[in-house]
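**Q** Once you've had a glance at the structure underneath, I'll fire off some questions.
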Amino acid sequence: YDIIGTSFYPFWAETLKCSDFTKWCNLMIKKFDKDILLMETGFNYRKDTETGSRGQLYNMGAYEGFYDYSEEGQRDYMIELINAIKCVDGGRCIGFLYWDPIMVAGDGIGWSMKEYDDKADKNVISNTTWFDFDHKALKVFDTFRYN
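Just so it is clear: in the sequence shown, position 71 is 71 by the numbering used here, and no numbers are missing.
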């Protein structure tokens, strides 16, 4: 293999912050001498999805109470994460992929098609995308102005 691919979500990591991700990357690089690609990350810009459900990432792990469930909170998390990636020794974390910036709210948009009725399953991440429920770009795009 050429690189190590991993995920980092505050929800799933529970007690870990972006600085812990940097430490983990440095440990893996030292152990395996491979670059790392952050294959998945995500962060809520609001607490609920368009249907009012809490969505898949229903809390912010170690960031609960630190960042708001808001456009600014999502943006600020991404700025922190990109800065943590930049702090990996030798620039060996080569980037990130966001899951899923475009799975916006809307009819027919969901995880998969259900076999029994051929309709889209529910969308449990419409509150983590980079577009609001009206499909307008969120402040998370400012992340790239600052990095």
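Note that beta-carbon positions come from the ideal geometry of N, C-alpha and C, so glycine has one too.
Note that the structure is predicted; figures quoted are calculated from it, not measured.
Hey, residue 37 and residue 91: beta-carbon distance below 8 Å or not?
**A** Judged by beta-carbon spacing, residue 91 lies beyond the 8 Å limit of residue 37, meaning their Cβ atoms are not closer than that value.
**Q** Over what stretch of residues does the beta strand (DSSP E) that includes residue 28 continue unbroken?
**A** No beta strand (DSSP E) holds residue 28; the alpha helix (DSSP H) holding it covers 18-32.
**Q** Return yes when the Cβ of residue 126 is within less than 8 Å of the Cβ of residue 104, no when it is not.
**A** yes
**Q** Do you know offhand how far residue 84's Cα is from residue 51's?
**A** 33 Å
**Q** Please state the DSSP three-state secondary structure of residue 191.
**A** Nothing can be reported for residue 191, as the shown portion of the chain is limited to 1 through 147.
**Q** Buried or exposed for residue 75, going by 16 or more other Cβ atoms inside 10 Å?
**A** buried
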